[in-house]
Amino acid sequence: MSTPTMRAVSQPAFGGPEVLEPVRVPRPEPLPTEVLVRVRAAGVNPVDWKTRSGGGMAGVLGQPPFILGWDVSGVVEEVGFGVTTWKPGDEVYGMPWFPRAAGAYAEYVTAPSRQFARKPATLDHEHAAAVPLAALTAWQALTDTADVRPGQRVLIHAGAGGVGHLAVQFARHLGAQVVTTARAAKHEWLRKLGAEETIDYTTTRFEDAVADVDVVIDLVGDGHDATSTRSLKVLRPGGLLVAVPSGVSPELAERAEAAGVRATAFLVEPDAPALARIAGLIDQGDVTVEVEDVLPLEQAAEAHRRGEEGRTRGKLVLTV
Ligand SMILES: NC(=O)c1ccc[n+]([C@@H]2O[C@H](COP(=O)([O-])OP(=O)(O)OC[C@H]3O[C@@H](n4cnc5c(N)ncnc54)[C@H](OP(=O)(O)O)[C@@H]3O)[C@@H](O)[C@H]2O)c1
């Protein structure tokens, strides 16, 4: 019997969006404790285009060809030996395998069953696929890393992006006072999501507008206008900078120490219990998910081109 194949988007080499091409590849089979999930939608994240061009997680994935994508929303098609928590037909979402390859830009993925959670019941697959990587980043950074407490002041850079718009809502849910940076056109929306103060970073230096912050979640990084380094000035003594995109260089660590504040790198991890909790917040109406646009899988290159411009409001998603 011939091996069944599936549609996917792969890349034969590192490069620009044009290296992404539709292919047919063998359909994966679930090993014991894994599930085979029929992907209905795949979220697109900056790590996808960074990896595509040789940065991001390219060091983990190795040389192309490989299939990008970590955010999955779909339906369990088959369960491997030993899986008792899912059955065919269950709707699940997750960010499996990260930072190893998950291959979400495809019709099927296999992954450890416990890296998935039940899809939020109130979301369609397109919105659910926008959630895992961005929401886990926001949630893990605010709770596990920063241990944000009610009444604390939290500054979120790039509040309008995929991670940012969820971080604003989670921080508010945790009882924090939220300050965020974005272009003026997005301020009204971010205030509805729970930001108390919004700073237009295109006209105002944020360090002139905010002080005494307990936690900074930097989603811009030191590659752009030294946002992490500049953020050290707005922290109260002992406050924490979570440098999400670019980590903490020895120079940044030194400056943080001299300023009497803390700075930490961060990398998101698969976390089904957190995804289950996040699904609860979404289904209760406490958190909304913004999807800027949905494109067919075959237009992955176009999704990358748009995402890479860095102006996305919420998320871009591929339907499979
Ligand atoms: N370490 C990890 O585990 C991890 C996990 C997830 C993401 N990340 C990284 O975190 C970053 C954010 O990810 P994302 O998915 O949220 O990206 P994204 O959705 O592509 O972010 C786009 C948003 O960034 C805003 N923005 C751009 N420059 C800005 C600036 N200087 N100040 C304030 N806002 C600015 C834009 O808002 P305006 O249009 O208003 O400018 C836009 O809404 C990426 O670099 C990503 O790779 C790291």
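Under the UniProt record's numbering, the final residue of the sequence shown carries the number 320; numbering is consecutive throughout.
Glycine included, C-beta positions come from ideal geometry on N, C-alpha and C.
Asked	Found
Helix, strand or coil: how does DSSP classify ARG114 here?	helix
So what's VAL163 in DSSP terms, helix, strand or just coil?	helix
Can you grab the Cα-Cα spacing for the pair GLY56 / PRO99, in whole Å?	9 angstroms
Beta carbon of VAL248, beta carbon of ASP218: below 7 angstroms?	no
Taking only runs of the beta strand (DSSP E) that begin and end inside the region 190-226, which ones reach a length of at least 3 residues, in chain order?	197-199, 213-218
Apart from the five residues just before and just after ALA184, which ones in its own chain have a Cβ nearer than 6 angstroms to its Cβ?	ASP200
What are the boundary residues of the alpha helix (DSSP H) that includes ALA135?	132-140
Give the DSSP bridge partners of GLN177, in chain order.	ARG153
Determine the contact status of ARG153 and GLN177, defining contact as a CB-CB distance below 7 angstroms.	yes
Taking the beta carbon of LYS192 as the centre, do at least 16 other beta carbons fall within 10 Å, making it buried, or is it exposed?	exposed
Check whether the Cβ atoms of GLY80 and PRO32 lie closer than 7 angstroms to each other.	yes
Taking only three categories from DSSP, how would you classify ALA101?	coil
Out of ALA300, PRO30, VAL317, ARG311, point me to the one whose CA is closest to ILE67's CA.	ALA300
Reducing DSSP to helix, strand and coil, say where GLN63 ends up.	coil
Is LYS186 a contact residue of ligand 1, with contact defined as CB to any heavy atom under 6 angstroms?	yes
Out of curiosity, what's the CA-to-CA distance linking GLY310 and PRO112?	32 angstroms
Just to confirm before moving on: does the CB-CB distance between VAL317 and ALA129 stay below 7 angstroms?	yes
Is THR319 near VAL287, with beta carbons less than 7 angstroms apart?	no
Is it right to say VAL60 is buried, meaning 16 or more other beta carbons lie within 10 angstroms of its own, or is it exposed?	exposed
Using the Cα positions of SER228 and THR85, report the straight-line distance between them to the nearest angstrom.	42 angstroms
Suppose you measure from the CA of ALA160 to the CA of THR145; what does that come to, to the nearest Å?	21 angstroms
Opposite GLN11 in the DSSP bridges: which residues?	PHE66
With the cut-off set at 7 angstroms, would you say ASP283 and PRO120 are in Cβ contact?	yes
Is there at least one non-hydrogen atom of ligand 1 closer than 6 angstroms to the beta-carbon of THR198?	no
Any C-beta of chain D sitting closer than 7 angstroms to the C-beta of ALA138?	This model lacks chain D altogether; it includes just one protein chain.
Tell me the rounded alpha-carbon separation between THR312 and PRO237.	34 angstroms
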